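Enquirer: To start, I am sharing the structure in question, which I have written as structure tokens.
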Amino acid sequence: MAAEAVGDRLIELYRSLYEAYGPQGWWPAETSFEVIVGAILTQATAWRNAKRAVENLKSAGGGDLIPHLILRLDEKKLAELIRPSGYPNLKARRLKSFVEHLFKKYSGSLERMFSQDLDPLRDELLGIHGIGPETADTILLYAAEKPSFVVDAYTRRLLRRLGLIEDERIEYEKLRALFMENLPRDVALYNEYHALIVRHCKEVCRKRPLCYRCPINALDNVCITLHHKDDGIT
DNA sequence: AGCCAGGACTGAG
DNA sequence: CTCAGTCATGGC
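Okay, structure coming up:
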């Protein structure tokens with residue numbers, strides 16, 4: 014597909030989603046550190062469960078969630094608190110790695126950590142154990158407020174169905190580049206775009222094909238209608 | 001009763 | 001490099 018056409022379709026997709034759902038108000042958190050904790054806890058996990066874990070941490074900290082709380086909590090105790098998010102031992106270690114890095118290099122100050130450009134900060138985040146590309150971009154976009162597009166399984170699924178990519182197994186960096194090279198580098202735009210994709214896929218497409226009722230149907234040439242099989246509308 | 005969530009790491013081939 | 005196995009809980 015021609016490069017300029019991709020940009021047009023990405024914009025059109027964004028408009029359709031925005032028109033259908035409106036602003037999503039992401040990320041659902043009070044502070045940038047809470048965004049980071051949530052980003053780690055929601056890895057391969059339903060947000061509902063990750064949220065419970067975040068709430069547990071907040072109340073354990075007497076109401077607010079600060080890096081120092083994670084730093085001083087015993088790892089076993091930490092795992093116990095975040096159990097609802099799944100993989101408690103794994104995620105406890107990942108939370109520890111992040112805050113240990115934060116204190117070692119920035120005396121626990123996120124503001125200092127974030128006071129650098131996107132690319133070096135992204136490389137730094139990727140170097141922390143337990144932070145892969147999606148989590149790094151989530152932190153960059155929703156906590157550091159830098160224009161880094163977040164790609165997830167929903168993004169792959171949706172773009173595949175829209176015919177914008179051939180294969181869902183496309184490399185993470187390639188798909189991220191597809192958005193960033195065809196859209197203006199704008200924090201508010203990336204923020205809403207990713208949130209809208211998640212909203213849409215959670216609501217109507219999941220693993221099913223898109224159907225004529227879906228708000229973005231006009232863009233979907235591969236629209237088969239298994240979606241409403243239960244309604245007898247197929 | 002399975003199947004799957006807003007992934008990342010590891011080790012094998 | 002590609003890819004299965006691993007990590008674990010809660011909702012539908």
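Its first residue numbered 14, the first sequence is counted upward by one per residue in my numbering. Beta carbons: idealized from backbone N, C-alpha and C, even for Gly. Because the structure is a prediction, the values reported are computed rather than measured.
What is the rounded straight-line gap between the Cα of residue 32 and the Cα of residue 70?
Expert: Spanning the two alpha carbons is a distance of roughly 36 Å.
Enquirer: Measuring straight from C-alpha to C-alpha, what distance separates residue 34 and residue 134?
Expert: For residue 34 and residue 134, the distance between alpha carbons rounds to 32 Å.
Enquirer: In whole angstroms, what separates the C-alpha of residue 50 from that of residue 201?
Expert: Using only the alpha carbons, I get a separation of about 21 Å.
Enquirer: Which residue from 115, 60, 128 puts its Cα closest to that of residue 95?
Expert: Residue 95 has its Cα closest to that of 60, out of 115, 60, 128.
Enquirer: Whole angstroms is fine: what's the gap from residue 142's alpha carbon to residue 127's?
Expert: Computed Cα separation, rounded: 18 Å.
Enquirer: Tell me which residues share the same chain as residue 101 and place their Cβ nearer than 6 Å to its Cβ, disregarding the 5 neighbours each side in the sequence.
Expert: Cβ within range, chain order: 92, 95.
Enquirer: Which residues mark the beginning and the end of the alpha helix (DSSP H) in which residue 27 is found?
Expert: Segment 16-34, the alpha helix (DSSP H) holding residue 27.
Enquirer: Could you please give the first and the last residue of the uninterrupted alpha helix (DSSP H) stretch that includes residue 182?
Expert: No alpha helix (DSSP H) contains residue 182, which DSSP labels as neither H nor E.
Enquirer: What's the gap between the Cα of residue 166 and the Cα of residue 15?
Expert: Approximately 24 Å between the Cα atoms of the pair.
Enquirer: Any idea if residue 57 is buried or exposed, counting beta-carbon neighbours within 10 angstroms, 16 or more meaning buried?
Expert: So residue 57 counts as exposed.
Enquirer: Can you check whether the CB of residue 157 is closer than 7 Å to the CB of residue 39?
Expert: No, the Cβ-Cβ distance between residue 39 and residue 157 is not below 7 Å.
Enquirer: Assess contact between the segment 143-152 and the segment 171-183, defined as three or more Cβ pairs (one per stretch) separated by less than 8 Å. Is contact present?
Expert: Not touching, per the Cβ criterion.
Enquirer: Less than 7 Å between C-beta atoms, sequence neighbours within five positions excluded: which residues of the same chain meet that for residue 205?
Expert: Within the same chain, residue 205 has close Cβ partners 31, 36, 37.
Enquirer: Taking C-beta to C-beta, are residue 152 and residue 52 nearer than 7 Å?
Expert: Going by C-beta atoms, residue 152 is nearer than 7 Å to residue 52.
Enquirer: Distance, Cα to Cα, residue 23 vs residue 89?
Expert: Residue 23 and residue 89: Cα-Cα distance of roughly 45 Å.
Enquirer: I need the straight-line Cα distance from residue 63 to residue 47, nearest angstrom please.
Expert: So the two alpha carbons sit approximately 11 Å from each other.
Enquirer: What whole-angstrom Cβ distance do residue 154 and residue 163 have, given they're in contact under 8 Å?
Expert: Indeed, because the Cβ distance is near 6 Å, the residues count as touching under 8 Å.
Enquirer: Taking all protein chains shown into account, do 16 or more other C-beta atoms lie within 10 angstroms of the C-beta of residue 139, making it buried, or fewer, making it exposed?
Expert: Residue 139 is exposed by the Cβ-count criterion.
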